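Chains as they are written, first to last, in the working numbering: chain A, 491 to 747; chain B, 491 to 747.
Yeah, the Cβ is synthetic: ideal placement off N, Cα and C, and Gly gets one too.
Note that this is a predicted model, so its numbers are computed, not measured.
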DNA sequence: CAGTGGTCTAGACCACATC
DNA sequence: ATGTGGTCTAGACCACTGA
């Protein structure tokens, strides 16, 4: 194991592998490739070098590089197609743009494709709950966005989205101007942040006055509240959001594996 | 004793490949191994033959068998430990007994370990909603069980569990007698049914009179309702359940990948 | 100690996509 | 025709487990 062309050279300092079990080569390759994707060396939607090329570059066998890329593909970071190549996952492309949306109507359609209307976008201090999710100091600067999703012209879901200014500075104008149905496309295009993992917590409670007003229901009506933290490829929390809806027409769907 | 129960057609013998792309060998091996596990050839908690043995048996290379087993492990069907072997996943053993429970208290503990009290167990016709989930005819025979989970001596979750009599005949006595915290252990031990996949739908609504009574809350209080269908290794729906709880102390947690 | 899974290599042939 | 990923082989060495 002397090849060791692997060294990010940047932030990390793992040139002293004296641990009894150093990270397997394919894991080192994977970590290195992830960093290169993160750094923007290969843009979303475009292809990585072939296994052969990478194997030559790292001076490893093709099988080792293959295993690294296979894990990346399994995590949804890249997608592979025989005869074509390996492509960086893109929310902008047609590759599963709304894969994190688990709210469906009763006919099994995703609540994401229909009309979305923006209620407000404003820069403000992050409230305590979002700050906790984003692992930020209380009242750090950020942007808050409230919007509404519809189903057959009826409002069914209120979303409050909070983004920290550190990772996504000055995002409000783009949100106001473009009102994109997928925030994650924007994060990818403008900030090179690829959301690869989300954690969601669901609760039931009564609708607040504002929610009742927006959803056209009575205050106190039982609603489902889904709180989400979205993490970037690097593992940093980049977005906090809360989704609230009355569940006679929609539900939250989860399938194991 | 089976040599080449699979059918790849060899390298140069009569290659009557009708299909343009026959299933890869490792997929055939996987399917065959899954069947053998299903048939009870290796009991849950005990080990499969080693990769070497299986490779010899199937007359394939170790790498091919390895790939089959790796996929089985990824699906949670077996678990592998270096130096020990490959073991059939067991709910009875200590291998992730409550891995499908996604309800947690606010300190991150699973709502499954504390006391469970049974309200009633009875054989009866399956109600329409459960029948739909279990893919059974309306009012097919079955067993219904209502129980209560506690958190620090307070009731926090009502569960109604419905099982069809076709797959799990005469299960009521065992439920009454043992009142097991994990139904899936019982299904595995007494019916050779291994639950490997669940689909859950969450909604918010007001508590019914009975639920309010059991949970010690007011009727109409917003509660989270999680409806679950559990599928066996063979893909058949074996259990329908609904879990209802007030969510000031608990929540539903979901992590992508 | 012998046996297990985990890693790694260096080849081979294939189906497929693109030019 | 060329290059891609997908499959498959037949070895090798390692760390870990258990007797």
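Every unbroken stretch of the beta strand (DSSP E) spanning 3 or more residues and falling wholly within the stretch 576-625 of chain A is given here in chain order: 593-595, 606-615. For residue 693/A, the secondary structure class from DSSP, reduced to helix, strand or coil, is strand.
Below the 7 Å Cβ cutoff, chain A contributes 690, 744 as neighbours of residue 744/B, in chain order. Here the alpha carbons of residue 560/A and residue 664/B stand approximately 45 Å from one another.
Taking 8 Å as the CB threshold, residue 737/A lines the interface with chain B. Under the Cβ distance rule, residue 588/B does not count among the residues neighbouring chain A, no pair being separated by less than 8 Å. Taking 8 Å as the cut-off, the Cβ atoms of residue 623/B and residue 727/B count as close. The beta carbon of residue 696/B is closer than 8 Å to those of 709, 710, 711, 712, 713 in its chain, skipping five residues each way along the sequence. With a threshold of 8 Å between beta carbons, residue 677/A makes no contact with chain B. When C-beta distances to chain A are compared with 7 Å, the residues of the stretch 689-715 of chain B below that value are 689, 690, 691, 692, 693, 694, 695, 696, 712, 713, 714, in chain order. At least 8 Å separates the CB of residue 731/B from every CB of chain A. Looking only at 670/B, 646/B, 736/B, 575/B, the smallest Cα-Cα distance to residue 588/B is reached by 670/B. The CB of residue 741/A comes closer than 7 Å to the CB of 691, 692, 693 in chain B, given here in chain order. Following the DSSP letters along the chain, one finds residue 553/A inside the alpha helix (DSSP H) bounded by residues 552-564. Per DSSP, the continuous alpha helix (DSSP H) segment holding residue 521/A begins and ends at 515-528. In the three-state scheme derived from DSSP, where H, G and I count as helix and E and B as strand, residue 640/A is classed as strand. Residue nearest to residue 529/A within the set 743/A, 595/A, 578/A, 700/A is 578/A (criterion: CA-CA distance). In the three-state scheme derived from DSSP, where H, G and I count as helix and E and B as strand, residue 736/B is classed as coil.
Beta-carbon to beta-carbon, residue 718/A and residue 690/A are separated by about 5 Å, close enough to satisfy the 8 Å threshold. Here residue 743/A is bridged, per DSSP, to 691/B. Approximately 7 Å separates the beta-carbon atoms of residue 686/A and residue 721/A; this is inside 8 Å, confirming the contact.
DSSP places residue 663/B in the helix class (H, G or I) of the three-state scheme. Just so you know, the alpha carbons of residue 706/A and residue 641/A end up roughly 13 Å apart. Shortest Cα-Cα distance from residue 562/B to any of 593/B, 522/B, 552/B involves 522/B. With a contact defined as Cβ atoms closer than 8 Å, residue 630/B and residue 618/B miss out at about 11 Å. The DSSP-derived three-state label of residue 714/B is strand. Minimum Cα-Cα distance from residue 519/A among the listed residues 572/A, 556/A, 745/A corresponds to 556/A. Only residues of its own chain outside the window of five on either side were considered, and among them 537 have a CB closer than 8 Å to the CB of residue 574/B, listed in chain order. A distance of 8 Å or more separates the beta carbons of residue 610/A and residue 648/A.
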